[in-house]
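Student: Mind looking over this structure? Questions follow.
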Amino acid sequence: MSHPRENNSHAQSHDGNPHNGAQIIPFPTGHVPATEAAEAFRPYAGSHALGRVSRVERGGAEVLTADGELLATYGGDVLAAAATDRSRFPAAGDWAAVRRWPDGRITLDAVLPRRTALVRDGVDRTSHGQVVAANIDLVVIVEHLDPEPDVGRIERLLVLAWGSGATPLVVLTKADLVPDAEGMRAEVARNVFGVDVLAVSVTEGDGMDELSRRLTPEMTMTLVGPSGAGKSTLVNTLAGAEVMPIGDVRERDGKGRHTTTHRELITLPGGGVVIDTPGVRAVGLVADDEAIAEVFQDIEELAAECRFRDCSHMSEPGCAVLEAIDDGELGEDRLLRWRKLGREAAYQARRADARLRQQERNLWKQREKALRQHYQHKGRRR
Numbered sequence: 236m237s238h239p240r241e242n243n244s245h246a247q248s249h250d251g252n253p254h255n256g257a258q259i260i261p262f263p264t265g266h267v268p269a270t271e272a273a274e275a276f277r278p279y280a281g282s283h284a285l286g287r288v289s290r291v292e293r294g295g296a297e298v299l300t301a302d303g304e305l306l307a308t309y310g311g312d313v314l315a316a317a318a319t320d321r322s323r324f325p326a327a328g329d330w331a332a333v334r335r336w337p338d339g340r341i342t343l344d345a346v347l348p349r350r351t352a353l354v355r356d357g358v359d360r361t362s363h364g365q366v367v368a369a370n371i372d373l374v375v376i377v378e379h380l381d382p383e384p385d386v387g388r389i390e391r392l393l394v395l396a397w398g399s400g401a402t403p404l405v406v407l408t409k410a411d412l413v414p415d416a417e418g419m420r421a422e423v424a425r426n427v428f429g430v431d432v433l434a435v436s437v438t439e440g441d442g443m444d445e446l447s448r449r450l451t452p453e454m455t456m457t458l459v460g461p462s463g464a465g466k467s468t469l470v471n472t473l474a475g476a477e478v479m480p481i482g483d484v485r486e487r488d489g490k491g492r493h494t495t496t497h498r499e500l501i502t503l504p505g506g507g508v509v510i511d512t513p514g515v516r517a518v519g520l521v522a523d524d525e526a527i528a529e530v531f532q533d534i535e536e537l538a539a540e541c542r543f544r545d546c547s548h549m550s551e552p553g554c555a556v557l558e559a560i561d562d563g564e565l566g567e568d569r570l571l572r573w574r575k576l577g578r579e580a581a582y583q584a585r586r587a588d589a590r591l592r593q594q595e596r597n598l599w600k601q602r603e604k605a606l607r608q609h610y611q612h613k614g615r616r617r
């Protein structure tokens, strides 16, 4: 990356207004670090500024501070931590300690503890997850009604959302393009437990007031979903200005072209904060069994009624899950999706265990090498 510089292309004074009603966040409006993050910043208070990561760049990040938006390179401690665990790379929404040096350099020297984190499988397919957004309160899963919504994709994203520690919300867009938006919303809601489902139309304004009410001041929301679902359009509507580019829609399948290449924080007129994420192309799971159980509460409740505690729900007698399928109370497709997600989560756990075992072996090798070098050096001194 080029020499660090202060990047004020988006920064404004607290009453600045670069987007006619919406700003790229004028820190600290709408931002309140969690107690853990505030306490962790204390050792840095004398030499560093508290900031929040707004955009991740190659080799560095844009960070919002009380002095504006700064472009910082990663400090040595951050790089060392990320070298062993990629999930420790800074992500949009992270609170961080940033330092200005006398020679003009700006470094991001510490990522402060995260309250919540939305994590997906890394693109390098290692056991390390990729943090998509940090310190979020609400995960909005955006899915279009036209073309018909993909319930399986919604379930996968709900697993990610529950695993983040934040509250999920499903928003179905393009309600004005279908004849029975409420019926389609109700059908999706039947497969969603403990999560509200809204149908909205940006064009007609239907459902937008309800969505706006969900985002209160000092709350951070992130939107996830496929390209073409209308995430950027939703952000622009909530912000009251075009702060996100809108991609064209391909006629052959109704899918939008990928437009958001970097995660970006945007403040809303009411004080809430939105993290817009790249379109989801291949979602891999980084979740435990608890997150899957939240999404498939109906299957979990049925499984508790099976005759055998270790029932696999394949062919055992007295299986309440299979009986529910035979009675039409549970769809076979939903059971298959539950099994698939369970296998993926188990595979992730095995990869993580293998990585930890390898790290342990490497640590012992390093210790043995250091010990040999110590005695070799001691022998030469004699």
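Be aware that the sequence shown starts at 236, since it is given in my numbering, and climbs by one per residue. Just so it is clear, CB atoms sit at the ideal spot from N, CA and C, and this is done for glycine as well. Bear in mind that the values here come from a model prediction, so they are computed numbers and not experimental data.
If you check the beta carbons only, do Ala332 and Ala317 fall under 7 Å apart?
Tutor: no
Student: Would you kindly report the start and end of the unbroken alpha helix (DSSP H) that includes Asp561?
Tutor: 555-561
Student: Name the DSSP bridge partner or partners of Gln188?
Tutor: Given that the chain is displayed from residue 236 to residue 617, the structure contains no residue 188 and the question cannot be resolved.
Student: Quick check on Ser550: does DSSP put it in helix, strand or coil?
Tutor: coil
Student: Let me confirm a value: Thr438 is counted as buried when at least 16 other C-beta atoms fall within 10 Å, else exposed. Which label applies?
Tutor: Result: exposed.
Student: Compare the C-alpha of Asp441 against each of Leu412, Ala401, Arg335 and name the closest.
Tutor: When the alpha-carbon of Asp441 is set against those of Leu412, Ala401, Arg335, the nearest one is in Leu412.
Student: Give me, in chain order, the residues of the same chain whose beta-carbon lies closer than 6 Å to that of Ile341; leave out the 5 immediate sequence neighbours on both sides.
Tutor: Pro239, Leu305, Ala307, Arg335
Student: Verify whether the separation of the beta carbon atoms of Gly475 and Pro504 is less than 7 Å.
Tutor: yes
Student: On the DSSP bridge assignment, give the partners of Arg448 in chain order.
Tutor: DSSP lists no partner for Arg448.
Student: Using only alpha-carbon positions, find the residue among Thr408, Gly364, Gly566, Arg586 that is nearest to Pro382.
Tutor: Thr408
Student: DSSP on Thr455, reduced to helix/strand/coil?
Tutor: When DSSP states are grouped into helix, strand and coil, Thr455 belongs to the strand group.
Student: On the DSSP letters alone, give me the boundaries of the alpha helix (DSSP H) that Gly398 sits inside.
Tutor: Annotation for Gly398: the continuous alpha helix (DSSP H) segment containing it runs 386-399.
Student: To the nearest angstrom, report how far apart Phe543 and Cys554 are at their CA atoms.
Tutor: 8 Å
Student: Can you list, in chain order, the residues of its chain with a C-beta nearer than 6 Å to that of Glu486? Leave out the 5 residues immediately preceding and following it.
Tutor: Here Glu486 scores only 45 on pLDDT, less than 50, and its place in the model should not be relied on; the value that follows carries that caveat. Cβ within range, chain order: n/a, list empty.
Student: Where do the ends of the beta strand (DSSP E) carrying Gly308 lie?
Tutor: The question names Gly, yet the displayed sequence has Thr at residue 308. It spans 303-309 - the beta strand (DSSP E) in which Thr308 sits, taken as one unbroken run.
Student: Could you check if Asn597 is buried or exposed, using at least 16 other CB atoms within 10 Å of its CB as the buried criterion?
Tutor: exposed
Student: So is Ser547 buried or exposed if we call it buried at 16+ other beta carbons inside 10 Å?
Tutor: exposed
Student: Taking Cβ to Cβ, would you say Leu393 is nearer than 7 Å to Asp431?
Tutor: no
Student: Here's the rule: buried if 16 or more other CB atoms are within 10 angstroms of the residue's CB, otherwise exposed. What is Thr270?
Tutor: Residue environment for Thr270: exposed (fewer than 16 other C-beta atoms within 10 angstroms of its C-beta).
Student: With respect to the beta strand (DSSP E) encompassing Gly295, which residues constitute its N-terminal and C-terminal limits?
Tutor: 295-300
Student: According to the Cβ coordinates, are Val470 and Thr512 closer than 7 Å?
Tutor: Going by beta carbons, Val470 and Thr512 fall outside the 7 Å limit.
Student: Closest to Met549 by C-alpha separation, out of Leu570, Val530, Leu565, would be which residue?
Tutor: Leu570
Student: If Leu343 and Val298 are in contact, beta carbons under 8 Å, what's the gap, nearest whole angstrom?
Tutor: Contact flag correct, Cβ pair sits at about 6 Å.
Student: How long is the line joining the alpha carbons of Ala369 and Ala526, rounded to whole angstroms?
Tutor: 18 Å
Student: Taking C-beta to C-beta, are Pro384 and Val423 nearer than 7 Å?
Tutor: yes
Student: Since I believe Ser399 is in contact with Leu353 (beta carbons under 8 Å), could you give me their beta-carbon distance rounded to a whole number of angstroms?
Tutor: In this structure Leu353 touches Ser399 by the C-beta definition: roughly 4 Å separates them, less than 8 Å.
Student: Kindly indicate which three-state DSSP category Arg334 falls into: helix, strand or coil?
Tutor: Correct three-state label for Arg334: strand.
Student: Would Ala464 pass as a contact of Val377 if the rule is Cβ separation under 7 Å?
Tutor: Taking a C-beta distance under 7 Å as the contact criterion, Ala464 and Val377 qualify as a contact pair.
Student: Comparing C-alpha positions only, which one of Met419, Leu433, Ser282 sits nearest to Glu445?
Tutor: Distance check between Glu445 and each of Met419, Leu433, Ser282 places Leu433 closest, using alpha-carbon atoms only.
Student: How is Ser619 classed by DSSP in three states: helix, strand or coil?
Tutor: Residue numbering for the chain in the displayed model covers 236 to 617; residue 619 lies beyond these limits and cannot be assessed.
Student: Does Tyr582 pass the burial test, meaning 16 or more other C-beta atoms within 10 Å, or should it be called exposed?
Tutor: exposed
Student: Measuring straight from C-alpha to C-alpha, what distance separates Pro348 and Ile560?
Tutor: Each residue's Cα considered, the two are about 44 Å apart.
Student: CB Met456 to CB Leu373, shorter than 7 Å?
Tutor: yes
Student: Following the continuous beta strand (DSSP E) through Leu285, name the residue where it begins and the one where it ends.
Tutor: 284-292
Student: So, with DSSP's three-state summary, where would you put Ala327?
Tutor: coil
Student: With H, G and I counted as helix, E and B as strand and the rest as coil, what does DSSP make of Ile371?
Tutor: coil
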